[in-house]
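Written below as structure tokens is the structure these notes are about.
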């Protein structure tokens with residue numbers, strides 16, 4: 001990634017529509033519920049997302065969420081995202097997602113994706129994938145990531161996926177309490193852990209874990225900055241200024257909206273460049 005040519009790096013964007021696989025409408029009600037929750041109906045292809053970010057000179061990290069075990073929905077191929085990243089390596093990086101229920105087979109896939117496809121990190125969503133982050137079934141995959149000293153993004157806090165559905169779509173919010181990542185941070189010290197989103201209703205737990213464990217970061221995706229809890233802004237301005245990252249959650253939130261609100265959300269001018277790009281440059285090993 002030619003980060004010097006970019007105004008920012010969005011650490012949190014989603015692949016929404018595959019051009020390799022036919023559309024899988026199984027479980028589409030989760031998409032509709034998320035659209036209603038976020039007030040969005042954008043479902044761009046991978047190529048459309050890349051073009052959108054290239055026009056704005058913003059780098060991006062893209063991933064899907066593999067929830068085949070819990071939701072029964074076919075994932076977008078990690079290989080498709082990795083190929084797009086190779087073809088747009090000046091401004092895009094691919095993270096992979098592997099359902100933790102795949103255990104050792106998932107670990108084999110992680111190794112292959114790193115060595116053969118060039119993925120640079122991984123994404124987990126405990127609520128949608130239906131597991132506690134510290135569950136030993138996920139450890140074979142974590143061990144591969146830790147051995148390669150790669151970053152991971154874990155969804156934390158409330159989930160827009162399932163919100164408003166009967167029984168919340170059967171998805172358990174408790175899986176995404178950030179305190180569960182404390183054990184993971186101890187046992188995998190070479191894996192950089194990014195806690196995604198303001199971790200409502202567990203913001204203080206997230207700040208505590210990140211302050212205590214130097215391999216834990218926070219991305220600011222999924223919310224407009226004008227709604228951030230005051231303590232999140234306070235820590236981003238002080239103790240965690242070097243480990244807080246810009247993320248939008250595109251396409252559910254656009255980087256334009258996020259960056260506009262970021263300007264007036266109470267962040268110190270001297271920490272803003274790090275949040276927008278500098279911290280991601282270090283996390284991703286680009287410097």
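In the UniProt record's numbering, the protein residues as written are 1 to 287. All residues carry an ideal CB built from backbone N, CA and C; glycine is no exception. Computed from a prediction, not measured in an experiment: that's the story for all the values here.
Helix, strand or coil at residue 271 according to DSSP, with G and I counted as helix: In this structure, residue 271 counts as coil in the three-state DSSP scheme.
Straight-line CA distance for residue 314 to residue 260? Outside the shown range of the chain (1 to 287) lies residue 314, about which nothing can therefore be said.
Quick check: the Cα distance between residue 66 and residue 75, rounded to an integer number of angstroms? 5 Å
Roughly how many angstroms separate the alpha carbons of residue 21 and residue 80, rounded to a whole number? 10 Å
Return the bridge partner residues of residue 192 from the DSSP annotation. 151
With respect to the alpha helix (DSSP H) encompassing residue 301, which residues constitute its N-terminal and C-terminal limits? There is no way to answer for residue 301, as the model of the chain reaches only from 1 to 287.
Mapping DSSP to helix, strand and coil, what is residue 287? coil
Is there contact here, the region 124-134 with the region 82-93, by at least three beta-carbon pairs under 8 Å? no
Under the three-state reduction of DSSP, which class applies to residue 290: helix, strand or coil? Summary: the structure shown does not reach residue 290, with the chain confined to residues 1 through 287, and so no result is reported for it.
Would you mind working out which of 180, 45, 209, 31 sits nearest residue 62, comparing C-alpha positions? With respect to the C-alpha of residue 62, the residue from 180, 45, 209, 31 having the closest C-alpha is 45.
What first and last residue would you give for the alpha helix (DSSP H) that runs through residue 260? 255-262
Might you give, ordered along the chain, the residues of its own chain that have their beta carbon closer than 6 Å to the beta carbon of residue 179, omitting 5 neighbours on each side? 205
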